[in-house]
Amino acid sequence: MKQRALLEWSARSRRDLPWRRTRDPWAVLVSELMLQQTQVPRVVPKYEAFLGRFPTVAACAAAPVGEVVKAWAGLGYNRRAVNLHRAAVALAGAPPPCDLAALLALPGIGPYTARAVLAFAYEEPVCPLDVNTARPLARAFGVRTQAEADALVPPGRSWQWNQALMDLGATVCTRRAPRCDACPLAGACRWQARGGPDPAAPAGRQSPFAGSDRQGRGRLVDAMRRGPVPLQELGAAAGWPDDPARARRAADSLVADGLAVLRDGALALP
Numbered sequence: 000m001k002q003r004a005l006l007e008w009s010a011r012s013r014r015d016l017p018w019r020r021t022r023d024p025w026a027v028l029v030s031e032l033m034l035q036q037t038q039v040p041r042v043v044p045k046y047e048a049f050l051g052r053f054p055t056v057a058a059c060a061a062a063p064v065g066e067v068v069k070a071w072a073g074l075g076y077n078r079r080a081v082n083l084h085r086a087a088v089a090l091a092g093a094p095p096p097c098d099l100a101a102l103l104a105l106p107g108i109g110p111y112t113a114r115a116v117l118a119f120a121y122e123e124p125v126c127p128l129d130v131n132t133a134r135p136l137a138r139a140f141g142v143r144t145q146a147e148a149d150a151l152v153p154p155g156r157s158w159q160w161n162q163a164l165m166d167l168g169a170t171v172c173t174r175r176a177p178r179c180d181a182c183p184l185a186g187a188c189r190w191q192a193r194g195g196p197d198p199a200a201p202a203g204r205q206s207p208f209a210g211s212d213r214q215g216r217g218r219l220v221d222a223m224r225r226g227p228v229p230l231q232e233l234g235a236a237a238g239w240p241d242d243p244a245r246a247r248r249a250a251d252s253l254v255a256d257g258l259a260v261l262r263d264g265a266l267a268l269p
């Protein structure tokens with residue numbers, strides 16, 4: 000049975016990651032937001048340091064959002080830090096709930112993150128679908144929908160099952176050059192048997208980071224972590240000394256996203 004084979008493989012091969020040593024829903028939520036679009040090796044030290052600074056929902060909610068953004072340094076996509084702070088404030092000291100609708104009602108929490116909290120903190124029978132879980136599910140099991148993915152979770156094994164899928168998609172059943180010879184589902188994989196195109200391959204590629212508005216925004220946030228940036232220095236801080244208008248647009252977008260405020264002629268963390 001494919002489910003049993005995958006679970007047995009995971010029991011032997013599961014990666015030892017700090018967020019896998021807890022069922023604390025706050026710690027799980029922190030890890031899931033950090034892991035969005037950021038590789039595991041970058042997240043590990045930041046995760047532990049962040050929870051040292053904000054060990055509870057209440058500690059995060061009580062801090063200014065600028066302090067949360069500072070603690071997020073090195074992870075990129077700083078809007079996630081603002082969303083995490085907003086969620087902490089909305090929770091009013093309570094832990095993230097064991098309820099899909101209530102989780103989805105939190106600021107910045109989407110279907111994947113909500114199901115990840117349910118699966119990894121509360122061991123509910125749901126499957127959080129991202130590229131690393133959707134790919135092996137589509138290839139090996141022919142799963143295409145969230146309902147099909149949830150139905151495949153073995154009873155009472157949600158945590159183990161989803162961690163197994165994560166590891167399989169991240170280390171073996173990769174988008175390019177999958178290691179089929181090392182796969183516990185080799186010989187029973189529909190995709191391998193069919194030899195057809197990958198039904199789970201993401202469409203397109205992300206636009207280049209170098210020279211992008213995203214890079215300029217990140218530079219401005221890094222500059223604000225050191226202190227307020229005078230408006231006349233925005234261009235240099237963003238890496239566009241010859242285009243101050245572009246830098247001001249980036250600054251305005253940071254203000255609109257809650258990542259910055261204009262104060263005393265300077266751009267600063269909230």
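With numbering that gives the first Met the number 0 applied, the sequence shown corresponds to residues 0 to 269, in that order.
Cβ coordinates follow ideal geometry from the N, Cα and C atoms, glycine included.
Taking the beta carbon of Ala-255 as the centre, do at least 16 other beta carbons fall within 10 Å, making it buried, or is it exposed?
The C-beta of Ala-255 has fewer than 16 other C-beta atoms within 10 Å across all chains shown, which makes the residue exposed.
I think Leu-151 touches Cys-172, with their Cβ atoms under 8 Å apart; what is that distance to the nearest whole Å? The pair is not a contact, with the Cβ atoms about 15 Å apart (cut-off 8 Å).
On the DSSP letters alone, give me the boundaries of the alpha helix (DSSP H) that Val-171 sits inside. In the DSSP assignment, Val-171 falls outside any alpha helix (DSSP H), carrying neither H nor E.
Notebook entry, point to check: To which residues of the same chain is Asp-23 closer than 8 Å at the C-beta, ignoring the five residues directly before and after it?
Noted result: Cβ within range, chain order: Pro-94, Ala-120.
Can Arg-189 be considered in contact with the ligand ADP, in the sense that its beta carbon sits closer than 6 Å to one or more heavy atoms? Ligands in the displayed structure: none, and consequently the ligand ADP is not present.
Element boundaries [beta strand (DSSP E), containing Ala-265]:
Element bounds for Ala-265: 265 to 267.
Between Gly-194 and Leu-230, is the Cβ-Cβ spacing less than 7 Å? Contact: no.
**Asked** Considering only residues of the same chain and omitting the five flanking positions on each side of Ala-113, which have a CB-CB separation below 7 Å?
**Response** The answer, listed in chain order, is Leu-99, Leu-102, Leu-103.
Exercise. For the alpha helix (DSSP H) holding Leu-117, just list the boundary residues, first then last.
Key: Taken as a continuous stretch (DSSP letters only), the alpha helix (DSSP H) holding Leu-117 covers 110 to 119.
For this session: For Leu-258, collect the residues of the same chain with a Cβ closer than 7 Å to its Cβ; drop the 5 residues on either side in sequence, then sort them by chain order.
Result: Excluding positions up to five away in sequence, the list reads Val-68, Asn-77, Arg-78, Val-81, Val-220.
Exercise. Give, in chain order, every unbroken run of the alpha helix (DSSP H) that is at least 4 residues long and sits entirely within the region 1 to 43.
Key: Runs found: 1 to 12, 24 to 34.
For Val-260, the first and last residue of its enclosing beta strand (DSSP E):
Annotation: the continuous beta strand (DSSP E) that includes Val-260 extends over 260 to 262.
* State the beta-bridge partners of Pro-229 as determined by DSSP. => The partner list for Pro-229 (beta bridge, DSSP) reads Ala-265.
Please state whether the Cβ-Cβ distance between Ala-60 and Ala-87 is less than 7 Å. The criterion of a C-beta distance shorter than 7 Å is satisfied by Ala-60 and Ala-87.
In three-state terms, what does DSSP make of Glu-123? Coil at Glu-123, not helix or strand.
Do Leu-253 and Arg-216 have their C-beta atoms within less than 7 Å of each other? Result yes, Cβ atoms of Leu-253 and Arg-216 sit closer than 7 Å.
>> According to DSSP, simplified to helix, strand and coil, what is Pro-243?
In response: Assigned with DSSP and collapsed to three states, Pro-243 falls in helix.
Quiz item: Do three or more CB pairs link the region 40 to 56 to the region 131 to 141 at distances below 8 Å?
Solution: Output reads no: the region 131 to 141 does not touch the region 40 to 56.
Considering only their Cβ atoms, is the gap separating Leu-233 from Gly-250 smaller than 7 Å? Just to set this straight, residue 250 is Ala in the shown sequence, not Gly. Yes. Within cutoff.
Which of helix, strand or coil does DSSP assign to Leu-105? In this structure, DSSP gives Leu-105 a state outside helix and strand, which the three-state scheme calls coil.
Taking all protein chains shown into account, decide if Ser-9 is buried (16 or more other Cβ within 10 angstroms of its Cβ) or exposed. Label assigned to Ser-9: buried.
field: Nearest neighbour of Asn-131, chosen from Ala-118, Leu-105, Leu-117, Ala-169 [CA to CA]
entry: If we check each option's Cα against that of Asn-131, Ala-169 comes out closest.
Exercise for review: Kindly indicate the opening and closing residues of the alpha helix (DSSP H) around Thr-132.
Suggested key: Per DSSP, the unbroken alpha helix (DSSP H) holding Thr-132 starts and ends at 130 to 135.
Count the other C-beta atoms from every protein chain shown that fall within 10 angstroms of the C-beta of Gln-162, then say buried if there are 16 or more, exposed otherwise. The residue in question, Gln-162, is buried, as its Cβ has 16 or more Cβ neighbours within 10 Å.
| said: Whole angstroms are fine: how far does the CA of Arg-262 sit from the CA of Gly-226? | reply: Taking the straight line joining both Cα atoms gives about 12 Å.
> Looking at the unbroken alpha helix (DSSP H) that takes in Cys-288, where does it start and where does it end?
Replying inline: Outside the modelled stretch of the chain, which goes from 0 to 269, sits residue 288, for which no answer is possible.
**Q.** Secondary structure of Gly-51, DSSP reduced to three states
**A.** Gly-51: helix per DSSP, three-state reduction.
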